[in-house]
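Asks: Pasting in a structure now, in structure tokens, and then I'll have a few things to ask.
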Amino acid sequence: MPAQPAAREPEEEMETEADPEVPQTNGEVEEEREGGEAEETMEEKMDDEDCERRRLQCLDEMSDLEKQFLELKDKLFQERLNQVKMKLDEVMTGKAGEYREPLATLQQNLQQRTQVAATSVLLWY
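Residue numbers for the sequence shown follow this note's numbering, so the first one is 56 and each next one is one higher.
Written as structure tokens, this is what we have:
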């Protein structure tokens, strides 16, 4: 069977109602809090507006940077494509020096091997 708390005397009940540790508030303190909350709300609203304005500004700047990047990327691609086309033209016309020497060496090797192969075939028959 659960134990029941001891009955308190009326004097003890009165003491607990007016507990000295709990500060009593009056209307003035409540008004100050509400005024402070209103100021905080205004500041928060201004902060939110500033944040939103700053966010939109950053988005605009990012959009501009993306456009610039795409333009530069396309320009770089076109320049590289033109360089490759010019080099291909040099190779096709035989003007590309860095390719002429290795090509000459390859052609000499080809001629030597062709001669050796032809000689070998003649010796076998």
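Quick reminder that beta carbons are idealized off the backbone N, C-alpha and C, glycines included.
Over the uninterrupted alpha helix (DSSP H) stretch that includes Gly149, give me the two end residues.
Replies: Where Gly149 is concerned, there is no enclosing alpha helix (DSSP H), given that its DSSP letter is neither H nor E.
Asks: Would you kindly work out how many angstroms separate the C-alpha atoms of Ser175 and Arg168, rounded to a whole number?
Replies: 10 Å
Asks: Using 8 Å for Cβ pairs, my map puts Lys140 next to Ala151. What's the rounded Cβ distance?
Replies: Their Cβ separation, rounded to whole angstroms, is 13 Å, which puts Lys140 and Ala151 out of contact at 8 Å.
Asks: Taking all protein chains shown into account, decide if Gln163 is buried (16 or more other Cβ within 10 angstroms of its Cβ) or exposed.
Replies: Exposure of Gln163 is indicated by the presence of fewer than 16 other C-beta atoms within 10 angstroms of its C-beta.
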